[in-house]
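Below is one structure, written out as structure tokens; the observations come after it.
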Amino acid sequence: MESNNQKNMTVTALLSATLQARFASILDDTPQDITVVETQNPKFGDYQCNAAMGLAKRLGKIPRELAKAVVEAGPMPTGIAGMEVAGPGFINIFLDDNWILQKTSHIGNDPTSGIPQQGEGKTVIIDYSSPNVAKPMHIGHIRSTIIGNAIDRMYRSLGYHVIADNHIGDWGTQFGILIMGYRKFLDKDRLKQAPIEELERIYVTSYERARNDDDWMDACRAELVKLQKGDPENRSLWQTFIEISLGEFEKIYQRLDVHFDLIRGESFYHNDLADVISTLREQALAEESEGALIVRLEDEGLPVCIVQKRDGGYNYATTDVATVQSREAEFHPERIIYVTDERQQLHFKQFFAIARKTGCQSRLEHVWFGLMRLPEATFSTRQGNVIKLEALLDEAERRAYDMVSELNPDMPEPERKEVARAVGIGAVKYADLSQNPQTLITFTWDKALALDGNSGPYLQYAYARIASLLDKYSAREGTPISDQTSLQLTDPRERALCIQILRFPDVVTRAAAAYRPSVIADYLYTLSQTYSSFYQNVPCLKADPGVRESRVRLCAITATILKRGLNILGIETPARI
RNA sequence: ACCCUCGUAGCUCAGUUGGAUAGAGCAGCGGACUUCUAAUCCGCAGGUCGCAGGUUCGAAUCCUGCCGAGGGUGCCA
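Here the first sequence is numbered in this note's numbering, starting from 672 and rising by one per residue.
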């Protein structure tokens, strides 16, 4: 009987502990870095330990002999059917079939699918999406939103108390320009029809004018000062801009199934900025240079950071320091994770350094991703070749609709639309989540909306096929497959599938530690392929009684893992496609 | 000039942080549908891991140099 403690451990954690004890039993002390990893190739066993080689060298022993001694140190521990020494000193581990089945059942029935609840009692703040007021969200914003949300869900699945905070750009010089634009160029009909597009239009018009007209520029500055001093009329306009923008953002968030616990823009921290500056002065961290206030960061190998401009205005770094201080005081987070594009790397290094100097205790992490580009050119607001997020999602749903209609012409219209929505959005999300974020990615419609191969729809389809199989089983037997059905291994493909299922808790743990949703995406795709191969080649419903129940149950557990894994990526799993 | 990333099959990308014969998808070729949902499965072909050195039992992965791409570098965010 396993203890609760062991049930909360991943397979690699369990095996690592087992092997560590085994090494310790033949050595004088307990080596620390004994780890067990999944094998790439089944012929090397299910898991492997590579520690003997490095350790032997340090101890002046022969690697193969050390490995052999470990293998022969005693009877096989729980869960392990056999171990063998291979190559220069690898220890290949073969799991015990009964243990595999027991573990697979446990993962299938566990409310957290075996994911260790390592985050219990810890708070993590995740700062993502963060669009600017008065600008529509385009495909440049999608990555922060989708990747950030996946990290959010990953940490929740590990038991962390997650605070998702949308740090919107609702304060700054653009509002003077916007207020003048609103007064002079506003078209009320357009504002009703497409509010955010109209705000963007008046902003761009006003901005163009300001570039060529100094009087206009001065007027914009004057409006900004009035706003910052609390002028009621400008204040109310500003509120209007924010409400309109938030309303538009919320539509996108609803479609993407993204929800924030906090929406605190830069303005929320505005009153704290003067205090931040005076603290920096008191601690002698800030000094004047060329009329501005700077923090020197040579000791960190970083360039100077300006915290207050010559005209008295504050910079982004100042706001971010104020934000961290506020978050620490209110929430005491163990960690704060920021998800932004790669251009802000230096900024985050600088402001993390300043935050630490001012006593910040939270672990600060910057998760960055490459900008998205269009095949023809770098996309930019100025050139007007942006793809609006809304248009992308519409196109995705349209293509998915055509696909669903072709596959399933009998599906009633409302359901077909609903499925098309889930599949279209899932395709867009998966395209973004399935690759390493830190690479430059070129946007193409076909890739973002891929419906076959390594794609969201492939995974959803795999899920739907299982759901259909389970329905069919229930219909025939008059009752769904029981959670208590005992599993058995009668075909190598069943074993391969179980081995994949066992990996899930490790994968989620690893993905969260690396802030990489692609690790989960990659795994789910492998799981689906393993399942598809099993399903295509091994009869389930048609199998003999007993074997049939076991296989159907295995299908059900696979479905559970697929559903949970996709849910962590923020991708829905319709029961029919 | 300096700093940060990236460079892997024709194309798009993985590669468990130093492990065994570098893997998928798309495209190409050959097979499997009166189905347990073929958006699938089985097989074939495709590689000087940008180039050159180095570190060690072992390198796509780590160090150095070079080439190429992208981003950044005191009053934008």
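Built from N, CA and C at the ideal position, the CB exists for glycine as well. All values derive from a computational prediction rather than experimental measurement.
Endpoints, beta strand (DSSP E) assigned at Ser960: Here residue 960 corresponds to residue number 289 of the first sequence, with the count starting at 1. 957–960 is the extent of the beta strand (DSSP E) around Ser960.
Three or more C-beta pairs under 8 Å: does that hold for the stretch 842–862 against the stretch 889–908? The stretch 842–862 vs the stretch 889–908: in contact.
So, does the stretch 742–749 touch the stretch 787–806, judging by three or more C-beta pairs under 8 Å? Result no; under three Cβ-Cβ pairs closer than 8 Å.
How many whole angstroms separate the CB atoms of Met808 and Phe920, which I take to be in contact at a CB cut-off of 8 Å? For this step, residue 808 is matched to residue 137 along the first sequence. For this step, residue 920 is matched to residue 249 along the first sequence. Contact holds; Cβ gap of about 7 Å.
Does DSSP classify Gln1109 as helix, strand or coil? Here residue 1109 refers to the residue found at position 438 when the first sequence is read from its first residue. Here Gln1109 sits in coil by DSSP.
DSSP beta-bridge partners of Val707: What you label residue 707 is simply residue 36 of the first sequence in a count that begins at 1. Looking at the DSSP assignment, Val707 forms a beta bridge with Cys720.
Span of the beta strand (DSSP E) holding Leu1130? Here residue 1130 corresponds to residue number 459 of the first sequence, with the count starting at 1. That residue, Leu1130, is in no beta strand (DSSP E); its alpha helix (DSSP H) goes 1127–1148.
Are the CB atoms of Leu1130 and Ser1189 within a distance shorter than 9 Å? By one-based count along the first sequence, residue 1189 stands at place 518. By one-based count along the first sequence, residue 1130 stands at place 459. Contact flag unset, no.
Under 9 Å between C-beta atoms of Phe765 and Ala738: As a first step, residue 765 is located in the first sequence; it is residue number 94 there, counting from the start. As a first step, residue 738 is located in the first sequence; it is residue number 67 there, counting from the start. With contacts defined by Cβ atoms closer than 9 Å, Phe765 and Ala738 do not form a contacting pair.
Euclidean distance between Cα positions of Tyr1134 and His941: Indexing the first sequence from 1 puts residue 1134 at position 463. Indexing the first sequence from 1 puts residue 941 at position 270. Taking the straight line from one Cα to the other gives about 48 Å.
Give a yes or no on whether the C-beta atoms belonging to Arg981 and Ile1239 are separated by under 9 Å. As a first step, residue 981 is located in the first sequence; it is residue number 310 there, counting from the start. As a first step, residue 1239 is located in the first sequence; it is residue number 568 there, counting from the start. Against a cut-off of 9 Å, the Cβ pair of Ile1239 and Arg981 comes out as no contact.
Using DSSP with H/G/I as helix, E/B as strand and the rest coil, what is Arg892? In the first sequence, counting from the first residue as 1, residue 892 sits at position 221. Look at Arg892 here: in three-state DSSP terms it is helix.
Just confirm the distance between the C-beta atoms of Leu956 and Lys1028, as a whole number of angstroms; I'd bet it's less than 8 Å. Looking up residue 956 in the first sequence gives position 285. Looking up residue 1028 in the first sequence gives position 357. Confirmed, about 6 Å.
Ser1157 burial status per 10 Å Cβ neighbour count (16 or more: buried): What you label residue 1157 is simply residue 486 of the first sequence in a count that begins at 1. Of the residues assessed, Ser1157 falls on the exposed side of the cut-off, its CB having fewer than 16 other CB atoms within 10 angstroms.
Identify, in the order they occur along the chain, each residue of the same chain with its Cβ nearer than 8 Å to the Cβ of Arg814, setting aside the five sequence neighbours on each side. On the first sequence, residue 814 is found 143 positions in, with the first residue counted as 1. For Arg814, where only same-chain residues beyond five positions count, the Cβ hits under 8 Å are Asp1012, Phe1040, Met1043, Asp1103, Pro1108.
Please identify the residue among Gln691, Val875, Ser938, Leu829 whose C-alpha is closest to the C-alpha of Gly1236. For the purposes of this step, residue 1236 is taken as the residue at position 565 of the first sequence. Looking only at Gln691, Val875, Ser938, Leu829, the smallest Cα-Cα distance to Gly1236 is reached by Leu829.
So for Phe931, helix, strand or coil by DSSP? Working through the first sequence from its first residue, we reach residue 931 at position 260. If DSSP states are grouped into helix, strand and coil, Phe931 belongs with coil.
Can you give me the Cβ contacts of Arg1166 inside the same chain, cut-off strictly under 8 Å, excluding the 5 residues immediately before and after it? Against the first sequence, residue 1166 aligns to sequence position 495. Non-local C-beta neighbours of Arg1166 in its own chain, meaning closer than 8 Å and more than five positions away in sequence, comprise Asp768, Ile771, Leu1160, ordered along the chain.
With a threshold of 16 other CB atoms inside 10 Å of the CB of Gln719, please say whether the residue is buried or exposed. Position 48 of the first sequence, counting from 1, holds the residue named residue 719. Gln719 counts as buried, since no fewer than 16 other beta carbons sit within 10 angstroms of its beta carbon.
7 Å Cβ shell around Ala723 - same chain, five flanking residues per side excluded: As a working mapping, residue 723 is identified with position 52 in the first sequence. Correct list, in chain order: Pro734, Leu737, Ala738, Val741, Gly760, Ile762.
Please report the residue range of the beta strand (DSSP E) in which Tyr1009 lies. For the purposes of this step, residue 1009 is taken as the residue at position 338 of the first sequence. Here the beta strand (DSSP E) through Tyr1009 covers 1006–1012.
Scan the stretch 1186–1235 and note each continuous alpha helix (DSSP H) run of 4 residues or more that stays entirely inside, going in chain order. Fully enclosed alpha helix (DSSP H) runs of 4 or longer: 1188–1208.
For Gly763, write down the residues that DSSP places opposite it in a beta bridge. Taking the first residue of the first sequence as position 1, residue 763 is located at position 92. Here residue 763 turns out to be Asn, not Gly, going by the sequence shown. Beta-bridge pairing by DSSP links Asn763 to Gln719, Glu755.
For His809, list the residues DSSP reports as bridge partners. Here residue 809 is taken as the residue at index 138 of the first sequence, counted from 1. Answer is Lys1059, bridged to His809.
What are the start and end residues of the beta strand (DSSP E) that includes Leu1035? To locate residue 1035, count along the first sequence from 1; it is residue 364. Here the beta strand (DSSP E) through Leu1035 covers 1034–1040.
According to DSSP, simplified to helix, strand and coil, what is Gln1054? If you number the first sequence from 1, residue 1054 lands on position 383. Caution is warranted here: a pLDDT of 38 is assigned to Gln1054, below 50, making its placement in the model unreliable, and the coordinate value is therefore given only provisionally. Coil at Gln1054, not helix or strand.
Nearest CA to the CA of Asp991: which residue from Gly1127, Gly819, Glu937? Here residue 991 corresponds to residue number 320 of the first sequence, with the count starting at 1. Of the listed residues, the one whose Cα sits closest to Asp991 is Glu937.
Does the structure place the stretch 1142–1155 close enough to the stretch 1213–1224 that three or more beta carbon pairs sit under 8 Å? A contact exists between the stretch 1213–1224 and the stretch 1142–1155.
Please give the ranges of any beta strand (DSSP E) in the stretch 804–889, keeping only runs that are unbroken, at least 3 residues long and fully inside the region. As far as the stretch 804–889 is concerned, its whole beta strand (DSSP E) runs of at least 3 residues are 832–836.
Using 10 angstroms around the beta-carbon of Ile850, count the other beta-carbons present and answer buried if the total reaches 16, otherwise exposed. As a working mapping, residue 850 is identified with position 179 in the first sequence. Burial is judged here by how many other beta carbons sit within 10 angstroms of a residue's own beta carbon; Ile850 has at least 16 and is buried.
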